[in-house]
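All the letters of the sequence shown, read from the start, carry residue numbers 428 to 648 under this note's numbering. C-beta atoms are modelled at their ideal positions from N, C-alpha and C, and glycine is treated no differently.
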Amino acid sequence: MSPNSVPATVFPSPVHDPCPRPLIYSTRHVHKPAWMSDYVCNLHSTFSTTHLHFVAELSVLQEPRSYSQAQGRAKWELAMKEEIQALERNNTWSLTYLPDEKRTIGSRWVYKLKLNPDGSVSRYKARLVTKGYTQIKGVYYTESFSPVAKSVTVRPFLSITAAYSWPVHQLDINNAFLHVHLDKEVYLTEGSGSAPKARRKREKSKNGKLKRLNLNQGVYP
Numbered sequence: 428m429s430p431n432s433v434p435a436t437v438f439p440s441p442v443h444d445p446c447p448r449p450l451i452y453s454t455r456h457v458h459k460p461a462w463m464s465d466y467v468c469n470l471h472s473t474f475s476t477t478h479l480h481f482v483a484e485l486s487v488l489q490e491p492r493s494y495s496q497a498q499g500r501a502k503w504e505l506a507m508k509e510e511i512q513a514l515e516r517n518n519t520w521s522l523t524y525l526p527d528e529k530r531t532i533g534s535r536w537v538y539k540l541k542l543n544p545d546g547s548v549s550r551y552k553a554r555l556v557t558k559g560y561t562q563i564k565g566v567y568y569t570e571s572f573s574p575v576a577k578s579v580t581v582r583p584f585l586s587i588t589a590a591y592s593w594p595v596h597q598l599d600i601n602n603a604f605l606h607v608h609l610d611k612e613v614y615l616t617e618g619s620g621s622a623p624k625a626r627r628k629r630e631k632s633k634n635g636k637l638k639r640l641n642l643n644q645g646v647y648p
């Protein structure tokens, strides 16, 4: 063997077991988690279109998706009337003419059913909101804020009440109003059923312009 030659590495040949070992499976009974039994799922894809329409007509807990669907239904009409009255009592808007250099933002109704623990209807809720997504940040506004109760704020109050054994009462606020005075001029287009009182007073001026709602205070975007 020359001094520069390197001996080849010899690897042992693999040993094949002529009798492979059988796979061993667990003998435990597999149970699905308990939380998976908390839900009832129905596949609507298995129903025909005719059957879906029939079921939809039978349902009495339907939330309107537009003003046209809520129109003519007494309880939703009353909810919208109460919302408008609350906004007018708080001097939310004033009827005026739209300046040439200004543009309006739209409005729409949002409907929601509040249910009791037993599933019965507690209250019909209707809220008039503005279409804030039509505005451009930096042009029509610089910042936005929506007050929301956070759990980190509620927990300390519950901890204090539990420590002193104080009773806790729950209440429902019929109308949540943003008491925020606007520092800019914002004009709202009257939507369907949004301002019946203002609509009755709407008249054309000599140049053909229509009066619009000038927001004095904040409305939910």
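Next on the checklist: In this structure, how does DSSP classify Val595 when only helix, strand and coil are distinguished?
Outcome noted: coil
Checklist entry - Can you tell me where the beta strand (DSSP E) with Glu612 in it begins and where it stops? => result His608 to Leu615
Checklist entry - So, helix, strand or coil for Ala501, using DSSP? => result helix
Checklist entry - Hey, Leu555 and Glu510: beta-carbon distance below 8 angstroms or not? => result yes
Checklist entry - For Glu612, which residues from the same chain have a beta carbon less than 6 angstroms from its beta carbon, with the 5 sequence-adjacent residues on both sides left out? => result none
Checklist entry - Quick one, are the C-beta atoms of Tyr591 and Leu525 less than 8 angstroms apart? => result no
Next on the checklist: Is the separation between the beta-carbon of Tyr533 and that of Thr569 shorter than 8 angstroms?
Outcome noted: The sequence as given places Gly at residue 533; Tyr does not occur at that position. Going by C-beta atoms, Gly533 is not nearer than 8 angstroms to Thr569.
Item to check | Leu479 burial status per 10 Å Cβ neighbour count (16 or more: buried) | outcome: exposed
Next on the checklist: Please return the same chain residues whose Cβ sits closer than 7 angstroms to the Cβ of Pro491, not counting the five positions on each side in sequence.
Outcome noted: Ala497, Trp503 and Tyr538
Item to check | Ile532 - DSSP class collapsed to helix/strand/coil | outcome: strand
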